[in-house]
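Report on the following structure.
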Amino acid sequence: MKYLFLFLTIGYLPTSYALECKWWQTKISTHQVSKHQRNGSTVSSHPRQEHCREKWKYSDQIVSTFQDEKPSNWSAQDKFKKWNRADIAEILKAYEKMPDWLLFLQNSFHRAEISTIPKNPAASDKTTDSITIYDEFYKRSNKEAIVGHELAHLLYKKLSVPDITSFTDLAGWTLKVEGSEVFEVPPSKVLINDSKLNKEEDFANLIEIYFTDPNKLKSYNPKLFEFFHKRYPR
Amino acid sequence: MKFAISFLIIFLFYGCSSNSGKIRPFYEVINEIWKNQGDVQDVQKKLGKPDIIDSKKAEYFFPDSKVPQMHFEFNQMGKLELALLFLDESKIDEFKSFLDCHWSEKKGKKLIADAIYMTHEGRCEGAQVRFNYFSSLHSYEVWWDSKLKILK
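Protein chains in written order, with the working numbering: chain Y, 794 to 1027; chain L, 153 to 304.
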C-alpha cells in the first residue's frame, strides 16, 4: 500500500526538467502573453510555457545546412575547415536580414580559408547550390551584401528564360553570334567592375545593389529597377 | 438541322486544325532544313520572317527580346552552312534521342569570379552537330556546322 502510494505520487508529480536550448536559441521563461492583435484578429491573454526561441530568424531551419565538409566535386584548390559557432552566428545574423525571395535557396554553407581568387569573401557553386565562406568574409563590414550576392547567384537559377532575356535587354547586354561562337557583350557602363565578366555576375551585383542601396539602382537604370521591383518586392 | 451542320463544321475544323497544328520543336525543323541543304527561302518558309536578314545570314530573336534564339549562315551558293539554336536545358535529352547518334560528351565545372558553373558539351559523331551548355540562358547552344569534322 505504501509503495502504491509512493508510485502514484511520483507518477502524478508535474514533469520537471530543465529545458535545454540549442546554442542559436534563447530560453524564454513561462510568462503570461497579454492580449494582442495578430493578422487582423484579437488573441486573448494566455499563459505561455517555457520554450526556446531562435536568436536569429530562420536559424532553426538553416543551421543544419552548415557543413564541415567541402561541397561535392569542388574543383578549386581551396582549403576547407570546420565551422565554429561564432562564424555561423555571423552568417545567421546576415541571413535574417535577407528579403523573402532570397531565402532558402542554398542547400549548404561551407567554410574555407582563402579563396583562389584574391580577397574573395565567398563563392557559390551553382552545381550543388552551395555557398562557401572564406576568412576574408569576417574582415568585411558588408556581410549582408555578401550573403545577398551569393544567394543572388542561386536566385538566377530560378529565373525563367523570358525573364533572363528581359534582364539581358534591360541591363544592356547583347548576344552576338560570330563564326561559330556566341559572345556576350557587356554594357559599356556598369556599377561594379566585375559585372563585365558575365551576365550572371552582373545580375548578382545588381541584386546586391537593389537590396542594399535601391535608390542607386533606381537612378542608374529605372527600367531595371522596375523589373526587379515587380518580381522581388522590397 | 442547321445547328447539326454548324456543329459538324466546327467539329471538323477543330479536329483537323488540332492534328495539323501540332507544333514541331525548332530542332526538328532546323535539322530538316540542314539535311535538305536549304537556303534562306526554305528557312523563311518553315520559320517565318526573321528579325535580322541579309544575303549571308538570318536571325530570329526570343519573343519580346533582342536576344537571338536561332541563327543561320549561308555559303556563297546560298546554302545553309551554319545553324544555331538556343535549346531549353530541359529539352537536351529529348534532342539527343531525336538525333539518334552516338554522342561523345564531357561534363565539368568552371569558376568565373565568385561562382562555379556547370559545363557540358557534346557532339554527334556521325553528323556535324554539337552542343554546349550556355549557363546564363539556362539553355544549350546547339550547332549544325559544316566545318565540323564528322567523327566515325
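Ideal placement from N, C-alpha and C gives every residue a C-beta, glycine not left out. On a predicted model such as this, the values are computed, not experimentally measured, just so you know.
Y:LEU812 sits exposed, since fewer than 16 C-beta atoms from the chains shown fall within 10 Å of its C-beta.
Taking a C-beta distance under 8 Å as the contact criterion, L:LEU289 and Y:VAL954 qualify as a contact pair. L:ALA279 and L:LEU251 do touch by the CB rule: their CB atoms are close to 7 Å apart, below 8 Å. If you draw a 10 Å sphere on the C-beta of Y:ALA879, you find fewer than 16 other C-beta atoms in it, and that means exposed. CA-to-CA, the gap between L:VAL281 and L:THR271 works out to about 18 Å. Counted as a single uninterrupted DSSP element, the alpha helix (DSSP H) harbouring L:TRP186 occupies residues 178-187. The criterion of a C-beta distance shorter than 8 Å is not satisfied by Y:GLU883 and Y:LYS815. Here the alpha carbons of Y:ASP893 and L:LYS261 stand approximately 29 Å from one another. Chain-ordered, the chain L residues with CB closer than 7 Å to the CB of Y:ASP918 read ILE268.
Secondary-structure assignment with DSSP links Y:HIS1022 through no beta bridge to anything. Beta-bridge partners assigned by DSSP to L:GLU273: L:LYS258, L:ASN284.
The beta-carbon distance between Y:VAL975 and L:PHE286, rounded to whole angstroms, is 7 Å. This is short enough to meet the 8 Å contact definition. Classified as buried, L:GLU233 has 16 or more neighbouring CB atoms from the shown chains inside 10 Å of its CB. Against chain L, a Cβ distance below 8 Å from Y:VAL954 picks out PHE214, ASP240, LEU289, HIS290, SER291. Along the region 236-264 of chain L, going in chain order, the ones with a CB nearer than 7 Å to a CB of chain Y are LEU236, ASP240, LYS261, LEU263, ILE264.
Judged by DSSP in its simplified three-state form, L:SER249 adopts helix. By the Cβ test, the region 850-869 of chain Y is in contact with the region 899-906 of chain Y, since at least three Cβ pairs between them sit closer than 8 Å.
Taking a 10 Å sphere around the C-beta of L:GLN221, we find 16 or more other C-beta atoms and assign the residue as buried. Beta-bridge annotation (DSSP): Y:LEU895 is not paired with any residue. Using a CB distance below 7 Å, the part of the region 985-1010 of chain Y facing chain L consists of ASP987, LEU990, ASN991, LYS992, GLU993, GLU994, ordered along the chain. L:PHE226 and Y:LYS951 have their C-alpha atoms some 36 Å from each other. Not one beta carbon of chain Y lies nearer than 8 Å to the beta carbon of L:LYS208. Less than 8 Å separates the beta-carbon of L:GLU277 from that of L:LEU303. Per DSSP, the unbroken alpha helix (DSSP H) holding Y:HIS942 starts and ends at 936-949.
Between the alpha carbons of L:ALA265 and Y:ARG831 lies a gap of roughly 45 Å. Counting along the chain, L:ALA279 sits inside no alpha helix (DSSP H), nor does DSSP assign it H or E at all.
In the three-state reduction of the DSSP assignment, L:LEU199 falls in the helix class, which pools H, G and I.
Listed in chain order, the non-local C-beta contacts of Y:ALA997 below 6 Å within the same chain comprise HIS942, ALA945, HIS946, local neighbours out to five positions each way being set aside.
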